[in-house]
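Protein chains: 2
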Amino acid sequence: MDSAKRQRLEAAGWKIGTVEEFLELSSAELALIEMKLALSRKLKEQRLNRKLSQTAVARQINSSQSRVAKMEAGEPSVSTDLLIRTLLSIGATPREIAEAISVSHASIQNSADDNLQLSASH
Amino acid sequence: MDSAKRQRLEAAGWKIGTVEEFLELSSAELALIEMKLALSRKLKEQRLNRKLSQTAVARQINSSQSRVAKMEAGEPSVSTDLLIRTLLSIGATPREIAEAISVSHASIQNSADDNLQLSASH
DNA sequence: ACATAATATGTCAATTTTGATATAATAATT
DNA sequence: AATTATTATATCAAAATTGACATATTATGT
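Quick mapping for you: the protein sequence lines, in order, are chains H and G.
First residue of the first sequence? That's 1 in full-length UniProt numbering, and the numbers climb one at a time after it.
First residue of the second sequence? That's 1 in full-length UniProt numbering, and the numbers climb one at a time after it.
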């Protein structure tokens with residue numbers, strides 16, 4: 001968990017810092033972060049599928065290109081609300097959104113490598 | 001749609017006002033509202049299942065009883081973030097959350113009575 | 001009926017989120 | 001290689017959300 005997953009999270013600006021800090025994140029908090037990242041990825045995927053630029057998406061939702069970029073980067077300054085609103089606006093169905101969220105579940109439960117590394121690291 | 005569904009939404013504080021205003025709500029906005037209401041209901045359901053008071057839930061998430069009440073009432077001042085965080089905190093799984101969201105989809109597609117009434121009302 | 005627990009509603013200062021803007025970094029096109 | 005389109009990153013004032021608090025209403029038990 002430490003290395004791989006933490007780096008991924010930190011890259012997106014979630015600055016976790018120490019291992020203690022990381023461990024202090026409740027599983028609920030982690031699950032929410034994972035969910036938001038899953039929605040981020042879904043957004044980028046859907047946008048590319050529809051061959052839209054970030055600017056085009058921004059127009060559809062009365063926002064700015066930079067905010068769309070932040071959404072896709074999974075930055076903490078982006079709320080779940082905004083992610084979902086944007087997904088719905090470009091035509092994603094609630095079902096697709098639900099699927100993305102379910103996937104985020106799997107990624108929590110599944111990353112056995114991460115957990116192994118964690119429990120082996122002390 | 002006017003009467004039944006609008007009343008439900010307005011009761012929760014979404015004050016829609018005129019029919020025009022209502023119709024101006026994009027389907028994305030409506031879908032998001034429906035989603036949030038579905039999460040509201042899920043929260044209440046899960047809380048009752050676990051026989052927790054609103055105060056007990058508030059403690060778990062460092063919030064207040066009144067805010068939990070607002071969550072369950074589906075008030076606009078409650079973000080999707082908070083709803084999901086709370087659901088996760090009391091032990092709901094991402095899968096359950098996803099299911100609730102999928103249900104909200106059905107309610108949009110299904111309410112044939114509402115749509116009929118709407119198109120017949122002018 | 002009375003007390004008590006639980007839920008609802010209103011308000012508000014503090015925090016968080018947001019769109020906008022500027023600008024840098026990359027990719028695509030000619 | 002030079003132009004142009006696209007995406008990334010930083011900053012910030014305005015808007016939305018939040019926890020806390022007060023208090024009203026409603027349920028539950030005795």
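For each residue, glycine too, the CB sits at the ideal point set by N, CA and C.
| query | result |
| --- | --- |
| Within chain G, partners of Met35/H - CB distance below 9 Å | Ile84, Leu88, Pro94, Ile97 |
| Buried or exposed (CB count within 10 angstroms, at least 16 for buried), Ser53/H | exposed |
| Residues of its chain near Gly74/H, where Cβ-Cβ distance is below 7 Å and the 5 sequence neighbours each way are ignored | Ala12, Lys36, Leu37, Ser40 |
| With 16 other Cβ atoms within 10 Å as the buried cut-off, status of Ser89/G | buried |
| Within 8 Å, strictly: CB atoms of Leu87/G and Ile97/G | yes |
| Distance between Trp14/H and Lys70/G (C-alpha atoms, nearest Å) | 29 Å |
| First through last residue of the alpha helix (DSSP H) which encompasses Ile84/G | 80-89 |
| Distance between Gln46/H and Gln60/H (C-alpha atoms, nearest Å) | 14 Å |
| Partner residues on chain G for Ala28/H, Cβ-Cβ distance less than 8 Å | Arg85, Leu88, Ser89 |
| Test: Ser40/G CB closer than 8 Å to a CB of chain H | no |
| Sequence-distant residues of its chain with Cβ nearer than 8 Å to Thr80/G (five each side left out) | Leu32, Met35, Lys36, Leu39 |
| Three-way DSSP call (helix, strand, coil) for Thr55/G in this model | helix |
| Which of helix, strand or coil DSSP assigns to Glu99/G | helix |
| First and last residue of the uninterrupted alpha helix (DSSP H) at Ile33/G | 27-49 |
| Sequence-distant residues of the same chain with beta carbon closer than 6 Å to Asp92/G, five excluded per side | Here the sequence assigns Ala to residue 92/G, which means Asp is not the residue at that position. Around Ala92/G: Gln46. |
| Burial state of Ser104/G, where buried means 16 or more other Cβ atoms lie within 10 Å | buried |
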